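Residue numbers for the sequence shown follow the UniProt record's numbering, so the first one is 1 and each next one is one higher. For each residue, glycine too, the CB sits at the ideal point set by N, CA and C. Given the structure is predicted, the values throughout are model-derived calculations rather than measurements. Right, one structure below, let's go through it.
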Amino acid sequence: MIMSGSISRVENGPVRPLKMSRKSSSRKNIKGGGWKGKLVFEPGISTSFYLTQSSLIEEMSEFNGIDEIEELQKIWLYKRPLKKGQLTQFILNHQFVVIRSKHWYWSIEKHCDKILLQRNKSCIMVREYEEGILRNTPVVEIKHGGSKGSMQDLIKFLYRKDELKKAYHWMEDNCKDLANRVFNEFVVEGSVGRSWHIW
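This is the structure:
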């Protein structure tokens, strides 16, 4: 079992704490040139871990809460402005998913260099913050619903669909694409409610 702040092994070496800035939006990055093929996991402690496609199932199963017992209960799709001071989110926005499970809140989202998975006991810490930094506001709910499956199912979904091999591209595979794939896979059919904010 991985404990707070400990180091785990992956196939190509140790899982190391990762400090990455989310302020990287060069032309190269929006077309996938900065894609690292990593999942960065922030488990609600001061250390982040990164995992590759090949180590995803084995290594994530060692974290508390990544198992079939951690049942998903509710799921939300949110958006936030790409930049501070942005007047509308009607077209340009960053989308991400928040999930409530039996014991935790989670967020999952795609950036130009990685997929970010956050976990916390507080919904605010995953909905309003991104790698410990306050998200651009306003954060607006798009839709919500009941959720099915477990956190283990979510990790297996990312692995089965090769999500870490899908480089970010601002038109072909971006944050909206991943967020909607996850939402549609884990929402309970017939339970979707929509928010009607015009932003």
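Just to confirm before moving on: does the CB-CB distance between E59 and Q118 stay below 9 angstroms? Working through the sequence shown from its first residue, we reach residue 59 at position 59. Working through the sequence shown from its first residue, we reach residue 118 at position 118. No. Outside cutoff.
Beta bridge counterpart(s) of F41 as assigned by DSSP: Taking the first residue of the sequence shown as position 1, residue 41 is located at position 41. F49, L117, per the DSSP bridge assignment.
By alpha-carbon positions, which one of S147, D162, E163 ends up nearest to L72? Mapped onto the sequence shown, residue 72 falls at position 72. With distances taken between Cα atoms, L72 lies closest to S147.
Could you tell me whether the Cβ atoms of A179 and V97 are closer together than 9 angstroms? The residue you call residue 179 lines up with position 179 of the sequence shown. The residue you call residue 97 lines up with position 97 of the sequence shown. In this structure, V97 lies closer than 9 angstroms to A179 by Cβ.
From Q53 to K38, what does the alpha carbon distance come to, in whole angstroms? The sequence position of residue 53 within the sequence shown is 53, counting from 1. The sequence position of residue 38 within the sequence shown is 38, counting from 1. Straight-line Cα distance between these residues: approximately 7 angstroms.
Quick check on the DSSP output: what are the complete alpha helix (DSSP H) runs of length 4 or more inside the stretch 48 to 130, in order along the chain? 56 to 60, 123 to 127
N174 and K110 closer than 9 angstroms at C-beta: As a working mapping, residue 174 is identified with position 174 in the sequence shown. As a working mapping, residue 110 is identified with position 110 in the sequence shown. Taking 9 angstroms as the Cβ cut-off, N174 and K110 qualify as a contacting pair.
Name the DSSP bridge partner or partners of S150? Working through the sequence shown from its first residue, we reach residue 150 at position 150. In DSSP, S150 forms a bridge with E71.
K79 beta carbon less than 9 angstroms from that of N93: As a working note, residue 93 is residue 93 in the sequence shown. As a working note, residue 79 is residue 79 in the sequence shown. Yes, Cβ-Cβ distance for N93 and K79 is below 9 angstroms.
DSSP state of D177, grouped into three classes? Indexing the sequence shown from 1 puts residue 177 at position 177. Helix.
Can you tell me whether M171 is buried or exposed? The criterion is at least 16 other CB atoms within 10 Å of its CB, across all chains shown. Within the sequence shown, residue 171 is the residue found at index 171, counting from 1. By the 10 Å Cβ count, M171 comes out exposed.
Compare the C-alpha of K114 against each of R181, L51, N136 and name the closest. Along the sequence shown, read from residue 1 onward, the residue named residue 114 stands at position 114. Here the closest residue by C-alpha is L51.
Between the CA atoms of G85 and L158 - distance to the nearest angstrom: Within the sequence shown, numbered from 1, the residue matching residue 158 stands at position 158. Within the sequence shown, numbered from 1, the residue matching residue 85 stands at position 85. Spanning the two alpha carbons is a distance of roughly 33 angstroms.
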